[in-house]
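So the sequences go chain by chain: A and B. When you line the first sequence up against full-length UniProt numbering, it's residues 1 to 154, in that order. When you line the second sequence up against full-length UniProt numbering, it's residues 1 to 154, in that order.
There are 2 protein chains.
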Amino acid sequence: MTVMETTSTRTDSCAAPPNAHRRPNGQDSYTISEVVAFTGLTAHTLRWYERIGLMPHIDRSHTGQRRYSNRDLDWLDLVGKLRLTGMPVADMVRYAELVREGDHTFTERFELLETTRRDVLSRIAELQDTLAVLDRKISFYAEAGRAYESEKAG
Amino acid sequence: MTVMETTSTRTDSCAAPPNAHRRPNGQDSYTISEVVAFTGLTAHTLRWYERIGLMPHIDRSHTGQRRYSNRDLDWLDLVGKLRLTGMPVADMVRYAELVREGDHTFTERFELLETTRRDVLSRIAELQDTLAVLDRKISFYAEAGRAYESEKAG
DNA sequence: TGCTTGCTTGGAGTGCACTCCAAGGCCATA
DNA sequence: TATGGCCTTGGAGTGCACTCCAAGCAAGCA
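Following this line, the structure appears as structure tokens:
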């Protein structure tokens, strides 16, 4: 009935985990400390992400403890990547909301990702520009260092 | 007597302004608001940079107002680039101190720049990784959008 | 002479993204 | 039974990089 029948059961509509390496055998339920070990985030941060609406609903054990799924880990993977781009958390929350709202937000999600993509491209360009400056300075200092050494020697 | 005789008179030992486009004719003295216009920084930020030791000594007019030189603009250019790399302001202040301390800090400056260069390279790699993820997601949504349209039509 | 504009200062305030705290529940091992 | 470890919560605190404020000075101009 929709584009992909599996869509509504997934946290993110196009998951497709590239690095599913950190998951043991067949289980699909991790404590917060396991997720801490996997992601490098702190437990504080994981709970905070949940509070601000950046996470989908996280399962709980019968005692009320969080039990993260592989899907949750995939989502955290994406969040981590987006974070590296400098995307504000608020924008990621917006994206999470769109995912929760269902298939009719596909267009908006597409646009958000497109915008992000453009941002990433220009950040890469900026960094390459900076790299050129650094290289110039570094070779200056390397040369200056050599000259200094030979001056000491001679 | 040292590696480069002009060294000690320059803010940064290997300036070599690549984009000296924003400087009028022959003058070498700009008000804070001109610098604001050139750099996109706010006057607040420029004064703050000075307070924390990120700037060399800035000239003053007879009434005590700041008068920035081309050298200062070059330095701000570098600072702007380093800022884009995510380098903490404290590290930039450290670099500024090394420059102020004179030629004997060449090695340390070299190492700081080398470290920064490596950071920039890995940031670029991260961003390219993220770009790949975004591209995958974007093409998913593009396809989903097309499928949705054809479903509506058929 | 007063008004406006632009600048000065130290210090206080802001927004973001965490980061931590106190108080307490659950459960396994000694 | 108690000790330790891991987890829970709401709310407060932190660090960074600005960002703003109030009070005041100097210059240009009606």
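We treat Cβ as the ideally placed atom computed from N, Cα and C, and that holds for glycine.
Legend entry - Heavy atom of the ligand SAH within 7 Å of Gly-40 (chain B) beta-carbon: This structure lacks the ligand SAH, and indeed carries no ligand of any kind.
Legend entry - Short CB-CB distance (under 8 Å) between Ala-96 (chain B) and chain A: no
Inset, instruction - Note down, in chain order, each residue of its chain lying with its Cβ closer than 8 Å to the Cβ of Gly-53 (chain A), except the 5 sequence neighbours on either side. - result: Val-93, Ala-96, Glu-97
Inset, instruction - State the start and end residues of the unbroken alpha helix (DSSP H) segment that holds Asp-28 (chain B). - result: Careful: Asp-28 (chain B) lies outside any alpha helix (DSSP H) and carries neither H nor E.
Inset, instruction - For Glu-101 (chain B), go through chain A and note every residue whose CB falls closer than 7 Å to its CB, in chain order. - result: Neighbours of Glu-101 (chain B) on chain A: none; closest Cβ ~14 Å, over 7 Å.
Legend entry - the region 73–90 of chain A touching the region 112–122 of chain A, judged by at least three CB pairs closer than 8 Å: yes
Inset, instruction - Please confirm if the region 99–109 of chain A is in contact with the region 58–70 of chain B, defined as three or more CB-CB distances below 8 Å between the two stretches. - result: no
Inset, instruction - For Arg-117 (chain B), go through chain A and note every residue whose CB falls closer than 8 Å to its CB, in chain order. - result: Chain A residues near Arg-117 (chain B): Leu-131, Leu-134, Asp-135, Ile-138.
Legend entry - Neighbour list for Arg-71 (chain B) in chain A, Cβ cutoff strictly below 8 Å: The premise fails here: Arg-71 (chain B) is roughly 15 Å from chain A at the closest Cβ pair, so nothing lies under 8 Å.
Inset, instruction - Show which residues of chain A have a CB atom less than 7 Å away from the CB atom of Thr-107 (chain B). - result: Gly-145
Inset, instruction - Grab me the residues of Thr-42 (chain B)'s own chain with a C-beta within less than 6 Å of its C-beta, minus the 5 sequence neighbours each way, in chain order. - result: none
Legend entry - Cβ pair Thr-107 (chain B), Gly-145 (chain A) closer than 8 Å: Yes, they are a contact pair.
Legend entry - Beta bridge counterpart(s) of Tyr-68 (chain A) as assigned by DSSP: A:Tyr-30
Legend entry - Alpha-carbon to alpha-carbon, Val-89 (chain A) and Leu-46 (chain A): Straight across, the Cα-Cα distance linking Leu-46 (chain A) with Val-89 (chain A) is about 13 Å.
Inset, instruction - Flag Ile-32 (chain A) as yes if its beta-carbon sits less than 8 Å from any beta-carbon of chain B, otherwise no. - result: no
Legend entry - Same chain, Cβ closer than 7 Å to Gln-65 (chain B), neighbours up to 5 away in sequence not counted: Thr-31
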